[in-house]
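J.: In full-length UniProt numbering, the protein residues as written are 1 to 510.
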Amino acid sequence: MWRTSAAKKRSLQLYLEYKQAPDRVQDHASRRQKVDDETAEDVLNKIANGDVSDGDFSDDEKEEENEENIPANGQVSASMSSSAQPSTSQTPVTNLKEPAASKKFEIKWTKKEFALRDVECDYNPETASAPEQPLVYFSKYFTDDLFQDFAEFTNRYVLQRDGTVLATTKEEIKVFFGILMLMGVLKYPCVRMYWQAATRIPAIADAMGVKRFFKIRGALHITDANAERDPNSLDKFLKVRPLLEAVRGRCLQLVPLEKNSIDEQMVPFTGRIAAKQFVKGKPNPEGVKVFVRCSFDGLAHDFELYQGKGTGVSKEHSHFGLGGSVVMRLVEQLPKAQNIKCYMDNYFTSVKLLLELKEIGILASGTIRGNHLAGCVLKTDKEMRKEGRGGYDERVSVDGDVALVRWQDNGVVNMASTHLGVGKVGAVRRWSEASKAHVDIECPEVILDYNKYMGGVDKLDFIMSLYPMRTGTSKWPVRVISHFASFALCNSWLEYIRDANAEGLLKKTQ
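1. At which residues does the alpha helix (DSSP H) containing residue 490 begin and terminate?
2. Can you check whether the CB of residue 147 is closer than 8 Å to the CB of residue 173?
3. Starting from residue 145 and walking both ways along the beta strand (DSSP E), at which residues does that stretch end?
4. When the Cβ atoms of the stretch 143-163 are set against those of the stretch 214-234, are three or more pairs found closer than 8 Å?
5. Identify, in the order they occur along the chain, each residue of the same chain with its Cβ nearer than 6 Å to the Cβ of residue 246, setting aside the five sequence neighbours on each side.
6. Are the CB atoms of residue 239 and residue 296 within a distance shorter than 8 Å?
7. For residue 401, which residues from the same chain have a beta carbon less than 7 Å from its beta carbon, with the 5 sequence-adjacent residues on both sides left out?
8. Please state whether DSSP places residue 469 in a helix, a strand or coil.
9. Are the stretch 446-466 and the stretch 296-310 in contact at 8 Å, needing three or more beta carbon pairs?
10. Can you say whether residue 406 is buried or exposed, counting buried as having 16 or more other CB atoms within 10 angstroms of its CB?
11. Could you spell out where the alpha helix (DSSP H) holding residue 414 opens and where it closes?
12. Measure the C-alpha to C-alpha separation of residue 109 and residue 255 and round it to an integer number of angstroms.
13. Buried or exposed: residue 513, going by 16 or more other Cβ atoms within 10 Å of its Cβ?
14. Among all the DSSP beta bridges, which residues are the ones paired with residue 109?
15. When you compare only the Cα positions, how much space is there between residue 487 and residue 377?
16. Please state the DSSP three-state secondary structure of residue 43.
17. Suppose contacts are defined by Cβ-Cβ distances below 8 Å. Is residue 477 in contact with residue 184 by that definition?
18. Let me know the secondary structure DSSP gives residue 260 once reduced to three states.
19. Please determine, among 397, 465, 384, 324, the residue with the shortest C-alpha to C-alpha distance to residue 366.
20. Count the other C-beta atoms from every protein chain shown that fall within 10 angstroms of the C-beta of residue 96, then say buried if there are 16 or more, exposed otherwise.
21. Is DSSP giving residue 321 helix, strand or coil here?
22. Beta carbon of residue 128, beta carbon of residue 499: below 8 Å?
23. Return yes when the C-beta of residue 132 is under 7 Å from any heavy atom of the ligand COA, and no when it is not.
24. DSSP state of residue 461, grouped into three classes?
25. Counting Cβ pairs closer than 8 Å, one from the stretch 326-333 and one from the stretch 380-393, do we hit at least three?
26. Apart from the five residues just before and just after residue 511, which ones in its own chain have a Cβ nearer than 6 Å to its Cβ?
27. CA-CA distance, residue 442 and residue 413?
28. Verify the CB distance criterion: does residue 228 have a CB-CB separation below 8 Å to chain B?
29. For residue 236, which residues from the same chain have a beta carbon less than 7 Å from its beta carbon, with the 5 sequence-adjacent residues on both sides left out?
30. What is the DSSP secondary structure of residue 50, counted as helix, strand or coil?
31. Counting along the chain, where does the beta strand (DSSP E) carrying residue 404 start and finish?
32. Along the alpha helix (DSSP H) that carries residue 184, what are the first and last residues, could you check?
33. Excluding five sequence neighbours on each side, which residues of the same chain lie with their C-beta closer than 8 Å to the C-beta of residue 511?
34. Select from 326, 288, 168 the residue whose C-alpha is nearest the C-alpha of residue 521.
35. By Cβ distance below 8 Å, which residues in the same chain neighbour residue 421 in space, the five residues on each side in sequence not counted?
36. Within this structure, are the beta carbons of residue 416 and residue 349 separated by less than 8 Å?
Laid out in structure tokens, this is it:
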């Protein structure tokens, strides 16, 4: 009797769920955003804010869209690494998984003041030379040989795809990139407006016709599209690898400075690409992630594109995890045993990494996560809040190699360093809600130093954002090519400014 009653109850429950299913579907459909109802003003606002998919509002010609499909999975695992020997080539390695959790790394700590020992930099190179014309600097990134390769492989691609002759030349490719630069300055919402009568720009329209522009952009290649690919290759950016190596090769030739920062940069792209990432807090959070090492003035000296969890993770450095392994790869070309300084955020920083860098003569500072303190016990968040803004706490490893500092601002900030501790306490201005005025609060020296020198990559990002060389396209190679053309343009400008300032040229003459 009990079983019969239970069976009836279960049958009734299943019947009710079946009857309610259409209501759930209808409710879900009513909540879906209906793009058809958007006004033209809404669409323009989305374009202006970069809040749309690159494919939705692409200016790509319809006949040019038959590229091979790229998997849309943004979390595909792959590996990239460079040899420890100086080289401009970034060769992908076997697909390495995120290192398995090993025994927790801990060291002994003591409450004392961090003593400065042998932190002076012995490296003082001559970084400036006589200033040349700005175009000369850019041509060191985008060489004549690179433009010739663009012309050759673009012509070959059109012939293979359509059986027609494009007959572009390296000079025409130069004009094409010059047009992209002008578009980055003028920022029309639609590419065709540069050729339309009411909004025509002679410098663009007279240099190249609109159909020719789209034809070249739709076929732009820097490698042979039909070349046989190594089945063991995990390089997701093989289509643009020669360009990346050319730009990185010039970056590696630049003389590094004492102060360097390592951070993430984004190639904005919302279309389909295998290695797409979403990085919260970035001005353009969606796209391809690039790890960059810059000097404090914003000049890029090395970079590596993220291709998956194994990116840059060599077997030698796998115990540092992804962030630490990327740092070890990016500092390979820095002078060792010279007390060069590196700054990084908590994505990369660990006590183990800082000690390893110190072993090779590179000092480092970085914000650090509360669960990466290597067994150090600092004042709790509650105790820090009780002290109020400006309060701080310091611990130093027993051997005196690394300091951990916790500082109370609006929230708690954790900092690890092998060359500074609380040191000479300074002051920063903050808004006080209680007194309705700006007040000075105490700030440890390590944090003042970090804030001063950490912003190199952010400065480069800011300069690139002023005149972005990008147009709406659904093709990721075109977006990556235009991004690194902008990257090279801004880096060459920073090179020129460094030389001009050293020469004492006035800004008007620059």
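We put the beta carbon where it would ideally sit given N, CA and C, even for glycine.
T.: Walking through what the data contain:
1. 476-503
2. yes
3. Taken as a continuous stretch (DSSP letters only), residue 145 belongs to no beta strand (DSSP E), being part of the alpha helix (DSSP H) at 144-162.
4. yes
5. 146
6. no
7. 355, 358, 418
8. coil
9. yes
10. buried
11. Element bounds for residue 414: not the alpha helix (DSSP H) but the beta strand (DSSP E), 412-417.
12. 37 Å
13. The question about residue 513 has no answer here: the residues shown for the chain are numbered 1 through 510.
14. 397
15. 43 Å
16. Confidence is the limiting factor: at residue 43 the pLDDT is only 39, short of 50, which leaves the residue's position unreliable, though a coordinate-based value still follows. Residue 43: helix per DSSP, three-state reduction.
17. no
18. strand
19. 324
20. Note that residue 96 scores a pLDDT of 38, beneath 50, so its modelled location is shaky; the value from the coordinates is reported in the next line. When all chains shown are included, residue 96 counts as buried.
21. helix
22. yes
23. The model on display carries no ligand, and the ligand COA is accordingly not part of it.
24. helix
25. no
26. The displayed coordinates of the chain run from 1 to 510. Any statement about residue 511 would go beyond what the structure contains.
27. 13 Å
28. Here there is only one protein chain, and chain B is not present.
29. 78, 274, 275, 307
30. Model confidence at residue 50 stands at a pLDDT of 48, short of 50, so the residue's coordinates are unreliable; what they give is reported in the following sentence. DSSP places residue 50 in coil when its eight states are reduced to three.
31. 403-408
32. 170-186
33. Lying before the first or after the last residue shown, residue 511 is absent from the chain, which here runs from 1 to 510.
34. Because residue 521 is not part of the residues shown, which for the chain are 1 to 510, the question remains open.
35. 113, 114, 394, 396, 403, 405, 444, 445, 446
36. yes
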